[in-house]
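Going by our numbering, the sequence shown opens with residue 119, and the numbers climb by one from there. Please read the structure below before turning to the comments.
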Amino acid sequence: MDARFFEKLLQQERKALAVAWETFISLQKEGKVPYPALYSETFSRKQGQREISEPELLRVLEEASSFLEKTLAKLKKDSQGNFAVSLSREEGLLLREIQKKLAKLEQEIAFLREEVLKDPLTKFWNRRGLQHIFDKVVRPHIYNEDYQFLVFSPQIPEEASWAKEKVLLACAHFLKGLFSPRDFLTRPSGDLFAVITVGRNIEHTQTLMERLRGKFFPCTLRGLRLTVGYRVGGTNILGADHLDLVMERATSAARKDTFYRV
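This is how it looks when you write it as C-alpha cells:
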C-alpha cells in the first residue's frame, strides 16, 4: 500500500463508520428491529449511495447521540437504577453499550478527519498522521513491500530565522519534487521532515542519499534567492520496529548524513 491508496482508505473508513450508524438510526425511525439480515441489506444499500461529506458524518453522529439520549430518558428506572419497563436487564445494558460505542465512534471519526492528521503549513502528514500510516500501512505490509524511512532537517540560516515558515515551505516544495506520489511525506515536528518511501530497496535508497548529501534547496526571501542546506539520514524498517525507534535511528543517522542499516 502507498500514499495514494492510504488517502482512499481514510475516506472509506470515514464513510463506513457513518453508514453503519445511519443504517441503525434509519431502521429505528421506521420502527424496525435491526435484525442482522435487515441491517445488512439496509447497510449495503446505503453504502452504495453517494459519498458522505465531513459535515454529514458529524450530523449522523449527533442525530444518533440525540436519538439514544431521548430513548434512554423516556425509560423509567427502579430504585436500583435498572430499566423498569419491558426491556430486560440485558437489553438495557445493550443500550448503554451502544451509547458507549457511539461516543468512541465520535472520537474515531474526529481522529480520521484530515485536518487532525495534516500539518496546516505544508499539508504534509503530521505526527498523528505518521503514526496512523505506520500502524495501518507499514506494519501490516512490511513483509511484502519495501519501506525505507528518511528524515530531512533544513539548516535555517540565522539571518533567515524571521522567515522560518517560508524556508519550511520551500523545503516541502523541494521534497515534493524529489519523491514519488506513492511516498508518504510528513512533518512530524518543528524543523523535521520524514519520508517513508514505498517500493525502494535499501541499496536504491542509499544511492539516493549519496546523491542528496551536501546539496541545497532554493528559497526566495524578500526577492533574494537563497540556498538552504539540510541534514539527511535514513534507516530501513523492520517488522518488529515501532515508530519511535525508527525515528530515533533515522535522526541519529542524520547527524552524520548517513543511512543506518539494521
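We put the CB at the ideal spot given by N, CA and C, even for glycine.
Exposure of GLY351, with buried meaning 16 or more beta-carbon neighbours within 10 Å
buried
Excluding the 5 residues flanking VAL395 on each side, which residues of the same chain have their C-beta closer than 6 Å to its C-beta?
Residue coverage of the chain in this structure runs from 119 to 380, which leaves residue 395 outside it and unanswerable.
Less than 8 Å separating the beta-carbons of THR315 and TYR265?
yes
Counting C-beta neighbours from all protein chains within 10 Å, is the total for ALA312 16 or more, i.e. buried, or is it exposed?
buried
Inter-residue Cα distance where the pair is THR345 and PHE270
15 Å
HIS322 burial status per 10 Å Cβ neighbour count (16 or more: buried)
Exposed, because fewer than 16 other Cβ atoms sit within 10 Å of the Cβ of HIS322.
Which residues in the same chain have their Cβ closer than 7 Å to the Cβ of HIS250, if we skip the five residues on either side of it in sequence?
For HIS250, where only same-chain residues beyond five positions count, the Cβ hits under 7 Å are LEU235.
For GLY332, does the count of other Cβ atoms within 10 angstroms reach 16, so buried, or fall short, so exposed?
exposed
Which class does ARG318 belong to by DSSP, given the choice of helix, strand or coil?
coil
Where GLU366 falls, given that 16 or more other Cβ within 10 Å makes a residue buried:
exposed
Just curious, the alpha helix (DSSP H) that ARG367 is in, first and last residue?
361 to 372
Counting C-beta neighbours from all protein chains within 10 Å, is the total for GLU159 16 or more, i.e. buried, or is it exposed?
So GLU159 ends up on the exposed side.
Give the secondary structure of PRO275 by DSSP, where H, G and I count as helix, E and B as strand, and everything else as coil.
coil
Pairwise C-alpha distance: THR141 and PHE201
Because the pLDDT of PHE201 is 49, which lies under 50, any placement of that residue in the model is unreliable, and the question is left without a value.
In angstroms with no decimal places, state the Cα-to-Cα distance between ARG257 and SER298.
20 Å
From what residue to what residue does the alpha helix (DSSP H) around LEU287 run?
282 to 296
Candidates LYS133, ILE355, VAL285, of which the one nearest HIS259 by Cα:
ILE355
Use the C-beta contact count for TYR348: other C-beta atoms within 10 angstroms, 16 or more gives buried, fewer gives exposed.
buried
Span separating the alpha-carbon of ASP362 from that of PHE252
10 Å
Residue burial classification, PRO336 (beta-carbon count within 10 angstroms, cutoff 16)
exposed
If we ignore side chains and look at the alpha-carbon of each, how far apart do ARG300 and LEU310 end up?
20 Å
Cutting at 8 Å between CB atoms, please list the residues of its own chain near PHE334, excluding the five before and the five after it.
THR345, VAL346, GLY347, TYR348
Would you tell me roughly how many angstroms separate the C-alpha atoms of THR369 and LYS284, rounded to the nearest one?
23 Å
Rank ASN319, ASN262, GLN129 by C-alpha distance to the C-alpha of ARG379 and give the top, closest one.
Closest by alpha carbon: ASN319.
I need the DSSP call for GLY247, collapsed to helix, strand or coil.
helix
Quick one: is ASN244 buried, meaning 16 or more other Cβ sit within 10 Å of its Cβ, or exposed?
ASN244 comes out buried.
Alpha carbon to alpha carbon, what distance is there between GLU131 and GLU276?
Annotation: GLU276 to GLU131 spans about 44 Å, alpha carbon to alpha carbon.
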